[in-house]
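Trainee:
Protein chains: 2
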Amino acid sequence: MSVDEHEIGTVLVALADPTRRELLDALAEEGQASATTLAGRLPVSRQAVVKHLRVLEEAGLVRYGRLGREVLYEVRPAPLDSSARWLAERAAAWDRRLEAIKRVAENPPARPSDKPADHEH
Amino acid sequence: MSVDEHEIGTVLVALADPTRRELLDALAEEGQASATTLAGRLPVSRQAVVKHLRVLEEAGLVRYGRLGREVLYEVRPAPLDSSARWLAERAAAWDRRLEAIKRVAENPPARPSDKPADHEH
DNA sequence: CATTGGTGCAACCGCAGAGTTGCATTTCCC
DNA sequence: GGGAAATGCAACTCTGCGGTTGCACCAATG
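Chains as they are written, first to last, in this note's numbering: chain A, 1 to 121; chain B, 1001 to 1121.
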């Protein structure tokens, strides 16, 4: 309801990369930092960091501002928050759905197919 | 704190793909369904669906069980839920961090660097 | 003004993953 | 038994993306 699929998509893609998550951790710790600084903390080149920061920025997870000759980035919690809500909503919806199905399966009608066996591996 | 980085990683990767999200939606709606059935609802081949289901299963987002000659899948909300908590925790941590930095920047000490200008684009 | 530290830009590489097709195999059902 | 429906397996293609390197460009500073 609250946020749209597409925005969530960009956030999920942004967060799916482990380097990007490390980058966010570093940024959150530093408060604010430049691409060069961050590249010093991770085992990748500055250019790689720049590219990552670009996708993070497009997901709204970081903000940047120029200060003299350097560009400082800082973290933005908002999209993370709305994504969390999106996930929680979805989990709740699934739960409701499963509950409804279980009720139907156990009580009134004939069962056309059984529940899948619990197949942990 | 609650769940480990690696598990979250697999969930995020699984959710990052739009086809996989559609697949989960379809599955949640159907209650349970086979790869063949699902392939009928999405614009991809059955084999593609099978591969997606494999990564979803490894992320714990679906469960499957054999019923005669067909394999039925159903959705599992738990990992979604813990991921949501993970994101929310992180967002909160960032918020605290930003607050702390703002306090430091405004009050006691000299400011070594200014806040980045608000650069929405 | 020349140097130096920080960015921006572009080309390039390698690989994983999303997708396909074809075929073998199992199981249901007449 | 013998199709027909569903799954399993394998090989293959192709695009995207994470990463690098090299160089040009700016701006602070002695």
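Where a beta carbon is used, it is the ideal one built from N, C-alpha and C, also for glycine.
Suppose the cutoff is 7 Å on Cβ atoms and the five residues either side in sequence are ignored; what does the same chain contact list for V3/A look like?
Mentor: Correct list, in chain order: S82, W86.
Trainee: Name, in chain order, the residues that DSSP records as bridge partners for V11/A.
Mentor: DSSP output for V11/A lists no bridge partner at all.
Trainee: Closest to R76/A by CA distance: which of G68/A, E29/A, H6/A is it?
Mentor: Proximity to R76/A across G68/A, E29/A, H6/A peaks at E29/A, based on C-alpha coordinates.
Trainee: If you draw a straight line from the alpha carbon of V1011/B to that of Q32/A, how long is it in whole angstroms?
Mentor: Roughly 28 Å separates the two Cα atoms.
Trainee: Excluding five sequence neighbours on each side, which residues of the same chain lie with their C-beta closer than 8 Å to the C-beta of V71/A?
Mentor: S34, A35, Y64, G65
Trainee: Examine chain A for any beta-carbon lying closer than 8 Å to the beta-carbon of S1113/B, and answer yes or no.
Mentor: In this prediction, S1113/B scores a pLDDT of 44, lower than 50, which makes its location untrustworthy; no coordinate-derived value is stated.
Trainee: Beta-carbon of G1031/B versus every beta-carbon of chain A: anything under 8 Å?
Mentor: G1031/B counts as touching chain A.
Trainee: Taking the continuous alpha helix (DSSP H) assigned at R1020/B, which residues delimit it?
Mentor: 1018-1030
Trainee: Does DSSP put V3/A in a helix, in a strand, or in coil?
Mentor: coil
Trainee: Using the beta-carbon count (16 or more within 10 Å), is A1059/B buried or exposed?
Mentor: buried
Trainee: Give every residue of the same chain whose Cβ lies closer than 6 Å to the Cβ of V49/A, excluding the five residues on either side of it in the sequence, and list them in chain order.
Mentor: Within its own chain, the residues whose Cβ lies closer than 6 Å to the Cβ of V49/A, once the five positions on either side in sequence are excluded, are A35, L38, A39, listed in chain order.
Trainee: Should H1119/B go down as buried or exposed, given a rule of 16 or more other Cβ atoms within 10 Å for buried?
Mentor: Any reading at H1119/B must be qualified, since the residue scores a pLDDT of 48, below 50, and its modelled position is unreliable; the value itself is stated next. With fewer than 16 Cβ atoms within 10 Å of its Cβ, H1119/B is classed as exposed.
Trainee: For a contact meaning CB atoms closer than 8 Å, what does A1039/B contact in chain A?
Mentor: Near A1039/B there are no residues of chain A at all, since even the closest Cβ is about 18 Å away, more than 8 Å.
Trainee: For the stretch 1008-1033 of chain B, enumerate the residues whose C-beta is nearer than 7 Å to any C-beta of chain A, in chain order.
Mentor: G1009, L1012, V1013, L1015, A1016, P1018, A1028, G1031, Q1032
Trainee: Please check if any C-beta of chain B sits within less than 8 Å of the C-beta of P43/A.
Mentor: no
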